[in-house]
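So the sequence lines, in the order shown, correspond to chains G and E.
So the first sequence is residues 920 to 1262, counted in our numbering.
So the second sequence is residues 920 to 1262, counted in our numbering.
Number of protein chains: 2
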Amino acid sequence: MHIPDGGEPKSRRGRGVTMQDVGRMAGVSQVTVSRALSDPAKVSPDTLRRITQAIEATGFVPNALAGALASRRSGLVTALVPSITNIIYASMVQAFGLRMRDAGYQILLSETGLTLEAEEETLARHLSRRPDAVLLTGIHHTARTRRMLLASGIPVVEVWDFTETPIDACVGFDHAATGRAVGDLAADLGHVQAATVCAGDERAKRRMAGFATQFTRRGGQAVLELGYDDQASLAGGRAALARLLDEMGFDRGLVFCSSDILAHGVLIEAQARGLRVPQDIAVVGFGDQEFSDATNPPISTVHVDREAFGRAAAEALLSGIEGRRDGPAAIDLGFRILRRGSA
Amino acid sequence: MHIPDGGEPKSRRGRGVTMQDVGRMAGVSQVTVSRALSDPAKVSPDTLRRITQAIEATGFVPNALAGALASRRSGLVTALVPSITNIIYASMVQAFGLRMRDAGYQILLSETGLTLEAEEETLARHLSRRPDAVLLTGIHHTARTRRMLLASGIPVVEVWDFTETPIDACVGFDHAATGRAVGDLAADLGHVQAATVCAGDERAKRRMAGFATQFTRRGGQAVLELGYDDQASLAGGRAALARLLDEMGFDRGLVFCSSDILAHGVLIEAQARGLRVPQDIAVVGFGDQEFSDATNPPISTVHVDREAFGRAAAEALLSGIEGRRDGPAAIDLGFRILRRGSA
DNA sequence: CTGTTAGCGCTTTCAT
DNA sequence: ATGAAAGCGCTAACAG
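Dropping the structure here:
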């Protein structure tokens, strides 16, 4: 089967330098080159030197595809988020990627958009690359997504939402609870009227619902609810307050927004109309974005430590990969209400 | 998560179902399964049906690692950007990824941070996965980066900056020219004093320098220049204007910022001090971010079509991969000055 | 339309 | 400390 190289190398179509080539130049076999790279201590100093020189001379770059196929470890980790242009997810993935990179893994990142079906299809493509672990956003997935994940047998972490019964591991927080906490704040501050402005996914809606429930339970009037399908934006926040004021009979009170950018828009629109914040209109955002404490007045918001989510998710996967984790893990990292000038 | 061995007939250590397995179940050889997947038209309808059933029954997921090794095409495309939490790069990569995904490629994305050495190291790791093409941010790279790229023989596109002599292809714009154009605007508006606030990379500095050169050439006073090492932020913009006003003798005039977020900070600080914008302080940003036309007043800025960069970069690589491109390509996508209320 | 044969460039295992 | 042999799971010729 294996025809020995009869002296002269056959004309190599592919242009890549192989370990074979490096070994030939260094006067050792291909395996020794492999060893020199994966565990230098296992080859003699002299051999190592010659191999290093040969690598330098040839510009050899190991083929990780072949390595992964042979070792059954790809060194790849899948990360699936709704959108990378959303700072919430971007900063989480950034922290996740840093930790995984330190552990020797590379991130295969994809956007899944809004539907679970898109997530399922993207996941299938990713699994064909045989990742060593998977990060998913959210706790709701299609049946086939779950099945594929289970069948793959690799560690999985679901982030940015919380459940006691994750596929494998979960790192998140209780979205409805954040809304209820803001509802309490609104009631504590003595507001009678309140409104919500939502331009996010299902999780954002749950936050808004938690707010409405708690605010009315605490004696507030029925909450005016405004929802948008497009991405959160300053313009959207301005338009929302305008609509609340001009068309929906909102007079004065607290506005809870699904993101700080919407809250900032509400703030700007209020000021453009000569309304005082927080006296006439109070506003609370979500996410504690970088700009939120530098506006005038600074924006009250719900803080969640996005980087911590990314790091914790990485740890959960690493412990799974290395078999240090016995069973499922569900970690609630919680949140903090940041009361600032806007409410 | 530990999935018990499903008790397969043959003691397969590896838990993946292979084409071999699928073929056996469908009563055909492994190659036929491969064909059914890559080119269904080459297989008889009846065979195809049986194969499809077998795939369904086994939950077979093709191993792209093996496929890539055998075919010498990984279906992977490398994208290297300074930071994914910077909306500038995130939106560019998003558009790039969409186009490449449509063409059947998956993106291997990494952050390179600020140094060319980090870029080099990251690139080396990426090349070991044998990507079919590479996207790089900027036109400055280490010698070894260039050497590795040239040796790999795959299409390369450098984005977000412009040169007539790219490694392979280039899609960008002239940063200094944007600064000069804003310098002209400042002069046209009759400003005598001007300042720059920069919190970005080398390209941002080139924009600021272009502004200063042109503004003084047009008769303006020497430009006050403020530079920060940290990321651009609202707070940074506010602090910058405060410093300009309180410590550097800036009185009234135009402030050109390296990003819209800084410009927004300047705007807020000016208003907090009771200064009129644009009468007392005029401000121009860069990037035309989503919020920039919804502030009060809206921010004048330099618009660059980030999505267009991403798409054009994708096209450049695709034409290279498919051999449709003969030689290097250098595309200057230009920019537009958007004059709004802030200047 | 389908099968056979020969690798892709590595890691693993077992000798030496 | 080093090497030979045997795959990893797939694609690419080439037959038939």
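Just so it is clear, CB atoms sit at the ideal spot from N, CA and C, and this is done for glycine as well.
Who are the Cβ neighbours of residue i in its own chain at under 7 Å, not counting the five residues just before and after it?
i: G/Arg1048; result: Ser993, Leu995, Leu1027
i: G/Cys1196; result: It is Val, not Cys, that sits at residue 1196 of chain G in the sequence shown. Closer than 7 Å at the Cβ level, and outside the excluded window around G/Val1196, lie Leu1186, Ala1189, Gln1190, Val1202, Pro1216, Ser1261.
i: G/Ala973; result: Val941, Met944, Ala945
i: G/Ser953; result: Met938
i: E/Gly1146; result: Cys1117
i: G/Pro1247; result: Pro1085, Asp1087, Ala1088
i: E/Phe1169; result: Gln1112, Ala1114, Leu1143, Leu1163
Nearest CA to the CA of residue i: which residue from the options?
i: E/Gly1119; options: E/Leu1143, E/Thr1132, E/His1094; result: E/His1094
i: E/Arg1020; options: G/Ser1029, G/Asp1107, G/Asp1207; result: G/Ser1029
i: G/Asn1005; options: G/Thr937, G/Arg1195, G/Ile1180; result: G/Ile1180
i: E/Ile1250; options: E/Arg1259, E/Asp1087, E/Ile974, E/Gly978; result: E/Asp1087
i: G/Glu1226; options: G/Leu1163, G/Ala1009, G/Ala989, G/Leu984; result: G/Ala1009
i: E/Val1221; options: E/Ala1037, E/Phe1169, E/Arg1126; result: E/Arg1126
i: G/Ala1043; options: G/Thr1064, G/Ile1058, G/Val947, G/Ser948; result: G/Thr1064
i: E/Asp1103; options: E/Glu1077, E/Gln1133, E/Ala1113, E/Pro964; result: E/Gln1133
i: G/Ala1233; options: G/Leu988, G/Arg1018, G/Asp1199; result: G/Arg1018
i: G/Ser1071; options: G/Leu1046, G/Trp1079, G/Ile1058; result: G/Leu1046
i: G/Glu1144; options: G/Ala1123, G/Thr977, G/Ile1007; result: G/Ala1123
i: E/Ile1200; options: E/Gly1184, E/Arg1171, E/Gly1057, E/Ile1218; result: E/Arg1171
i: G/Ala1264; options: G/Ala1159, G/Leu988, G/Val1090, G/Asp1107; result: Missing from the structure shown is residue 1264 of chain G; chain G here goes from 920 to 1262 and no further.
i: E/Arg1192; options: E/Gln1198, E/Glu1209, E/Ala1161, E/Asp1207; result: E/Ala1161
i: G/Ala1014; options: G/Ser990, G/Arg1066, G/Val1078, G/Ala955; result: G/Val1078
i: E/Glu1039; options: E/Leu1173, E/Ala1022, E/Ala1062; result: E/Ala1062
Could you list which residues in chain E have their beta carbon closer than 8 Å to that of residue i, in chain order?
i: G/Ile1006; result: Thr1004, Ile1006
Counting only beta-carbon separations shorter than 7 Å, does residue i have a partner in chain G?
i: E/Arg1243; result: no
i: E/Gly1271; result: Examination of residue 1271 of chain E is not possible in this model, given that chain E is present from 920 through 1262 alone.
i: E/Glu1036; result: no
i: E/Arg1225; result: no
i: E/Asp1051; result: no
i: E/Arg1157; result: yes
i: E/Phe1228; result: no
i: E/Ser963; result: no
i: E/Arg1048; result: yes
i: E/Ala1009; result: yes
i: E/Val1116; result: no
i: E/Pro923; result: Residue placement at E/Pro923 is poorly supported in this model, since its pLDDT is 36, which falls under 50; the coordinates are not used for a value here.
Less than 8 Å between the CB atoms is what I'm expecting for residue i and residue j, so what's the real figure, rounded?
i: E/Met1011; j: E/Phe1205; result: The Cβ separation is near 15 Å, so there is no contact.
i: G/Leu1035; j: G/Val1053; result: Not a contact, Cβ separation roughly 15 Å.
i: E/Pro981; j: E/Leu1033; result: Wrong, their Cβ atoms sit about 39 Å apart, outside the cutoff.
i: G/Cys1117; j: G/Ser1211; result: Contact doesn't hold; Cβ gap of about 18 Å is too wide.
i: G/Ile1240; j: G/Asp965; result: So it is not a contact: roughly 36 Å between Cβ atoms.
i: G/Ala1113; j: G/Gly1129; result: Wrong, their Cβ atoms sit about 13 Å apart, outside the cutoff.
i: G/Ala1182; j: G/Ile1218; result: 5 Å
Using a Cβ cut-off of 9 Å, pull out every chain E residue sitting near residue i, in sequence order please.
i: G/Ala1182; result: Within 9 Å Cβ-Cβ: nothing; G/Ala1182 doesn't reach chain E, min ~12 Å.
i: G/Glu1077; result: Residues of chain E passing the Cβ test: none, with the nearest at roughly 13 Å.
Check whether the Cβ of residue i lies closer than 7 Å to any Cβ atom in chain E.
i: G/Gln939; result: no
i: G/Pro981; result: yes
i: G/Arg931; result: Bear in mind that the predicted position of G/Arg931 carries a pLDDT of just 41, short of 50, making it too unreliable to give a figure here.
i: G/Arg1136; result: no
i: G/Phe1210; result: yes
i: G/Ala1028; result: Before going further, note that residue 1028 of chain G is Leu rather than Ala in the sequence given. Yes, G/Leu1028 counts as interfacial toward chain E.
i: G/Ala1070; result: yes
Would you mind telling me which residues of chain G sit closer than 8 Å to residue i, beta carbon to beta carbon, in chain order?
i: E/Thr1214; result: Leu1153, Ile1187
i: E/Val1012; result: Ile1003
i: E/Arg1044; result: Gln1025
Using a C-beta to C-beta distance shorter than 9 Å, which residues of chain G count as neighbours of residue i?
i: E/Ala1191; result: Asn1215
i: E/Leu1236; result: Result: empty, since nearest Cβ-Cβ is about 18 Å, beyond 9 Å.
I'd like the list of long-range same chain contacts for residue i, defined as Cβ closer than 6 Å, with 5 residues on each side in sequence excluded.
i: E/Thr1097; result: Arg1126, Val1221, Phe1254
i: E/Ala998; result: Val1012, Ile1026, Leu1028, Leu1054
Apart from the five residues just before and just after residue i, which ones in its own chain have a Cβ nearer than 8 Å to its Cβ?
i: E/Lys929; result: Residue placement at E/Lys929 is poorly supported in this model, since its pLDDT is 37, which falls under 50; the coordinates still yield a value, given next. Taken in chain order, the list of residues that qualify is empty.
i: E/Met920; result: At E/Met920, the pLDDT of 37 sits below 50, so the modelled position is not reliable and the matter cannot be decided from this model.
i: E/Ile1058; result: Glu1077, Asp1080, Phe1081, Thr1082, Pro1085, Cys1089, Gly1091
Kindly list, in the order they appear in chain E, the residues whose Cβ is closer than 7 Å to that of residue i.
i: G/Leu1257; result: None at all; the shortest Cβ gap to chain E is about 15 Å.
Starting from residue i, find everything on chain G with Cβ-Cβ shorter than 7 Å and list it in chain order.
i: E/Leu988; result: Leu984, Ala985, Leu988
i: E/Ser993; result: Leu984
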